[in-house]
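Peer 1: Chains as they are written, first to last, in the UniProt record's numbering: chain U, 1 to 382; chain A, 1 to 382; chain R, 1 to 382; chain C, 1 to 382. Ideal placement from N, C-alpha and C gives every residue a C-beta, glycine not left out. In this text the structure is predicted, and so the values were computed from the model without any measurement.
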């Protein structure tokens, strides 16, 4: 697949994700972390226009000069921007305008990609592909939040069903003590935060080959896990109290029975399914209650060849920090990862929302420990 | 015009107001005071369904039982409701669904109104008409806020123009000291807060026959009015400082020139036009700077026959309090006015957004002193 | 009593109020409205130093130039100041330093007052006396808050007891409809907000000769008054919910019995005592539940000769607004009253904390409707 | 030194720290992180009474049963407590009462410690010693905050002077790549968070033998370091903007010259002195500007034999996480360290406020990345 085909394939997929939406669903931002779908569609387009077309295509005519202000996310280098919490206050540009913007930029990009492209520019374009894939995952999780927190519980896809039969035995595999190598190695795309490849020393540990499922988590709930501070970090306990948390996101106790909002609407909770939509605080508390712990990201990376992964992003015990020798690129691209390396937790694996071929064993995802709207789950270590 | 025709006329006007909107414009709630237009369209419909159709039409089939939760505003009597600040987080019901809801309820209403209706029920329906008219005014001011705070400054109507030539001479008319009667008298519709008609004693005062215009207010700005605490209430001064206020809402200083967002988009400020979109705090400060004051609502009501009014809601010095003998109706309808009679200021007159025949000389509008998104202006007294 | 003697008498009384305090009690500010007692002692002294000594005594040597910053309250005219919520964060100046400051200023003042003083200067000094008396009342109510919200419930005076036998019959006296005169008349001290004396028209009303007592208010509580939104203003109801209010301030339900923090410590609730420490919201809700209402400040002023008043500040239905012809003095003194005339309610009468000879029938006290730490009570009108 | 002597020595030192204070200085809590000195004195006493005397001394008579509520800090196991932000609102117990409390508990403790004590109980008492030493450091830093944020800038000790001549050459020492051992080893006191001793793999690195001094940090300021987002984490940049940060805590720019609040009062900034009172965000930004980085806590621990440390707590790049095999003790003592292991940064070394013999090379201090009131400094790695 050549670069232009690759580009087109990725761009089309973003639009496919949004196909089932009503126009209104593109607009709202119920919490700061959840951006309006139309914003994602515009922002990913702005990325290609700003970093590829404007600097490289002579005479390129910007689609609309105001869009830089509207669709910039956090790039301080590229000028002022709508503050993040205001994205849901903008009714314009309309959804139709944004699709026109996409078509306009796509046409220019496909034309541009017809010529031979190499070196740094190719790397930058490939970063744009991966950037759009990250927003594809956010589109899916943000749409779930928008529909799943609506009192009418509208479905995204009536026929949607997650396969709960794909499941490993709940065995533990033991990894021996020793020096291991961590981080990306190879010539394909990878993020700067996966480098440098470096050595770490691991003690012996045993890691589960299966993710925690809903049945196991219900035991924690029924055992009073949300009422006993002993299992929690101090700030996790504050979070439980302040927000009156008593179950994973999207779980509803109705007339004594547990229901779960899924993309097909509100359904009876499937107990065999891998647990999802829990915060790091809950992951930690559950593990404490079990007398176990979460893996570090290093343990996970070394052990990952022994189990299937990919249904859920897996909270690790590791904080998101630079690897030895990490250095960020100059300019706007350098704002990609490094500046978030404080007060976040690493997640490893991939989720059902992650685009195919986007993740890999060295991939480092990261979120604040209180967030639950991603498909986040638990793997135990003892 | 019979009741059914009156109903239809009023209902159509709400939809006419929204006709120029894009679907996206119906959805957003940029500040708590500004509700999404689709919410207004649903809420006014819910009013007729809840208070007229459900109690009075045998076998009436509710359109959707969830709508009570979605479209109730502040009626504690009628059950739970979406909290006010969450209205802009709901992408559903869609705009199309709400228009279906309107058509469904309209059909049932028109059928119901074909029979002879009298007494309390007629009063209730007439209240529903006036309720919808109040939301028509809010539709207009909320649409202005939604478009006028968008960085693209989209127009609502490219040909819209406010006539700045209709203007009285800036004369003062003097009203003699004495006992006057205040409040509604007659048999037509009026709100409970306009009763009882009662006597007040007024001292002699002179009131301007014209509203303050933009040129006069610019003098206040240029004289440093926003920098001198002496003109302001203590809490008005805090409001100026906290919110960095330096001009009326919708005014923009661009390259040294003043612009104003209007329904036709961003335009050079028309200095002859009556000032609008100022808070009570600003009205008070401007009057102090002039060495004058605002009228009380009683002075206004007595003097109103001496001038044209209706372009702007006029801030008065009066707090919104019950008239002697005021008593609120029982049940949900009683929640209409009385429970807001604390910490608000009375406005008199009407604005360009007020539906025809909705206001009258005894009409009492009320808002918190910091609010500016209504078409609010100033009339001076000395 | 000459001016110097009057000065000394008033100044000594402030210190007498503080005599039972531990040093620590002078320092804390548990809520923004409650200032540290040492701040009151310093601020009232600063008033005389700033407005009397510095402009009028040649060669007067300021005690400490930093004190202007520390003890200014809200006078924008006189320069920067410690923000109000930071008063409790200042351990210095120490209590001993502030008593030295008082002695220093008192010596200079007594010396200064030995000469004949007249006209505006005498008025200003008399204003200083009344200013200090207002802070004496605040000293008492702030001390009650500081001790009464301490988990150890320390007593201020073990022998303190409020006389609950002084109580009128609960009769209603009827005032006839007509034109009445309101506002201060005479040559003695009065605040600017009591002027101009002016005519008002009152409808006939009947007003209770007694204040509501604790027994009556308990009936309201037991009747579910705090659980029924119908009795409350919308913002009163929000206040109840947000702050989980279920009884007057200082009331505690312990093992099924009601207790009340008094200056003698925590005591069994005296049911015969006049109700105290309630907000305007609660006063309004109680009156609504009774099917009655609160008096306006004008009704109160006209009816006051028919009952004893002075145990409690009485919430009125009136908002705090300027009288006809009100104008504020120029300079810092003009910041005294006028700039607070928005969003506050008028209280009439006086409380057990009010210094003797400080209040009068035309006196207008004012507070925000949610505040309860003053000795506030209820008189009903029907 | 036997246990009773050791106890007495440590307890006396807390009181020695407070000796220069005025009573008022013991009371205030200007920010949530800074507790009133009297609270520290009471809380450390409560620790011995609650965990040693009450469970182990038959017939022990509690000093005051209300003190558990007042002096518990964060131990959920031991019951309710005054919320942390309310400590500065309590004027009682008085300072004198707290010294009586200390004397009462000290007498009982010394008597109790006269008998032979071993095993877990000895460990617990030693934990109490270290606990009190930690609060001694907080007493010093909290007193500095209380006095240093007072507009009068009172001195704690007029003769106090920090020696700026004790300073290494600014050389870098290089540590070779390899497997190293980290964590406490031995039989003396240590915290649970220093265990298990475990192996880590370190890459080669060069670490400065000197701390950054004020002159070097001034260069960063003068180079616009606080105005360039490139050097900062995204949340560090938000912190700078939100709090208008432009220099280390206690630095004041007066008439063009830099001053520094020290325990001797406000003084001209000593440029040779080791930089202090900066947040992790500032430490990171400074290192970025230098083209260097902060050490990890593992690098620091291995390299520490090559330099003198102890003047400043040194921010590391490491997040505060459990070591392999870490497990917390059961009961209240188990709440000591583990529950804070999220969203905090590790500091290594010791400061001029740290009691002698309290720190060690494996000691792990931890704070949130925005805090500056500790004596925190920077050591660079390249």
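1) Find the nearest neighbour of residue 208 (chain C) within the set C:292, C:119, C:159, judged by alpha-carbon distance.
2) Which whole-angstrom value describes the C-beta separation of residue 375 (chain R) and residue 352 (chain R), a residue pair presumed to lie in contact below a C-beta threshold of 8 Å?
3) In whole angstroms, what separates the C-alpha of residue 145 (chain U) from that of residue 267 (chain R)?
4) Report yes if the CB atom of residue 212 (chain U) is closer than 8 Å to the CB atom of residue 304 (chain U), and no otherwise.
5) Mind reading off the beta-carbon distance from residue 10 (chain C) to residue 191 (chain C)? Whole number of angstroms is fine, and I expect it under 8 Å.
6) Taking the beta strand (DSSP E) that residue 159 (chain R) belongs to, which residues open and close that run?
7) Applying the 10 Å Cβ sphere with the 16-neighbour rule, what's the burial state of residue 186 (chain R)?
8) Look at the alpha carbon of residue 355 (chain U) and the alpha carbon of residue 5 (chain U), and state the distance between them as a whole number of angstroms.
9) At least one CB of chain U closer than 8 Å to the CB of residue 88 (chain A): is that the case?
10) Does the region 150 to 161 of chain C come close enough to the region 64 to 80 of chain R that 3 or more CB-CB pairs lie under 8 Å?
11) Compute the beta-carbon to beta-carbon distance between residue 313 (chain R) and residue 377 (chain R), rounded to the nearest angstrom, for a pair I have assumed lies under 8 Å.
12) Can you give me the Cβ contacts of residue 446 (chain A) inside the same chain, cut-off strictly under 7 Å, excluding the 5 residues immediately before and after it?
13) What's the gap between the Cα of residue 343 (chain U) and the Cα of residue 320 (chain C)?
14) Pull up the distance between the alpha-carbon of residue 101 (chain A) and that of residue 171 (chain R), whole angstroms please.
15) If the cut-off is 7 Å on Cβ atoms, which residues from the region 332 to 361 of chain C count as contacting chain R, listed in chain order?
16) At 7 Å on the CB atoms, spell out the chain R contacts of residue 396 (chain C), in chain order.
17) Hey, which unbroken runs of the beta strand (DSSP E) at 3 residues or more fall wholly within the region 242 to 301 of chain U?
18) Taking a contact to mean a Cβ-Cβ separation below 8 Å, would you say residue 383 (chain R) touches residue 108 (chain R) in this structure?
19) Looking only at its own chain, which residues have a Cβ that is under 8 Å from the Cβ of residue 370 (chain A), when we skip the five neighbours before and after it?
20) Could you please give the first and the last residue of the uninterrupted alpha helix (DSSP H) stretch that includes residue 189 (chain C)?
21) Please list the partners that residue 28 (chain A) has in chain U, where partner means a Cβ-to-Cβ separation under 8 Å.
22) Nearest by alpha-carbon distance to residue 177 (chain R): which of A:89, A:160, A:135, A:324 is it?
23) Would you decide whether residue 34 (chain C) is buried or exposed? Buried here means 16 or more other CB atoms lie within 10 Å of its CB.
24) Which of the three DSSP states is assigned to residue 39 (chain A) in this structure?
25) Taking residue 297 (chain U) as the reference, which of U:183, U:222, U:216 has the closest Cα?
26) Could you check whether the Cβ of residue 70 (chain U) sits closer than 8 Å to any Cβ belonging to chain A?
27) Restricting to Cα atoms, I'd like to know which of U:216, U:30, U:105 is closest to residue 50 (chain U).
28) So, for residue 350 (chain R): in the same chain, excluding its five sequence neighbours on each side, which residues have a beta-carbon less than 6 Å away from its beta-carbon?
29) Output yes if chain U places a C-beta closer than 8 Å to the C-beta of residue 66 (chain A); else output no.
30) Since residue 283 (chain R) and residue 294 (chain R) are thought to touch, with beta carbons under 8 Å apart, how far apart are those beta carbons, to the nearest angstrom?
31) So what does DSSP say about residue 378 (chain A), is it helix, strand or coil?
32) Of all the options A:39, A:251, A:345, which has the alpha carbon lying nearest to the alpha carbon of residue 88 (chain A)?
33) Rounded to the nearest angstrom, what separates residue 226 (chain U) and residue 337 (chain C) at their Cα positions?
34) Can you pull the chain R residues whose beta carbon is under 9 Å from the beta carbon of residue 321 (chain A), in chain order?
35) Under 7 Å between beta-carbons, which chain E residues line up against residue 23 (chain A)? List them in chain order, please.
36) DSSP three-state label for residue 139 (chain R), please.
Peer 2: Result, derived from the coordinates:
1) C:292
2) Right, their Cβ atoms sit about 6 Å apart.
3) 53 Å
4) no
5) Contact flag wrong, Cβ pair sits at about 16 Å.
6) Taken as a continuous stretch (DSSP letters only), residue 159 (chain R) belongs to no beta strand (DSSP E), as it is neither H nor E.
7) exposed
8) 17 Å
9) At a cut-off of 8 Å between C-beta atoms, residue 88 (chain A) counts as an interface residue with respect to chain U.
10) Yes, they touch.
11) 7 Å
12) Residue coverage of chain A in this structure runs from 1 to 382, which leaves residue 446 (chain A) outside it and unanswerable.
13) 10 Å
14) Rounded to the nearest whole angstrom, the CA to CA distance from residue 101 (chain A) to residue 171 (chain R) is 56 Å.
15) none
16) A query on residue 396 (chain C) cannot be resolved here, the shown segment of chain C reaching from 1 to 382 and no further.
17) Fully enclosed beta strand (DSSP E) runs of 3 or longer: 251 to 254, 257 to 262, 265 to 268.
18) It is not possible to answer for residue 383 (chain R), since the shown part of chain R is limited to 1 through 382.
19) 239, 279, 280, 281
20) That residue, residue 189 (chain C), is in no alpha helix (DSSP H); it is neither H nor E in DSSP.
21) 27, 28, 88, 89, 90, 91
22) Checked all of A:89, A:160, A:135, A:324; the closest Cα to residue 177 (chain R) is A:324.
23) Around the C-beta of residue 34 (chain C), 16 or more other C-beta atoms lie within 10 Å, and the residue is accordingly described as buried.
24) helix
25) U:183
26) yes
27) U:105
28) 310, 359.
29) yes
30) Residue 283 (chain R) to residue 294 (chain R), Cβ: 6 Å. Contact.
31) coil
32) It is A:39 whose Cα lies nearest to the Cα of residue 88 (chain A).
33) 21 Å
34) Near residue 321 (chain A) (Cβ distances below 9 Å), the residues of chain R are 296, 317, 318, 319.
35) This model lacks chain E altogether; the protein chains it does include are U, A, R and C.
36) helix
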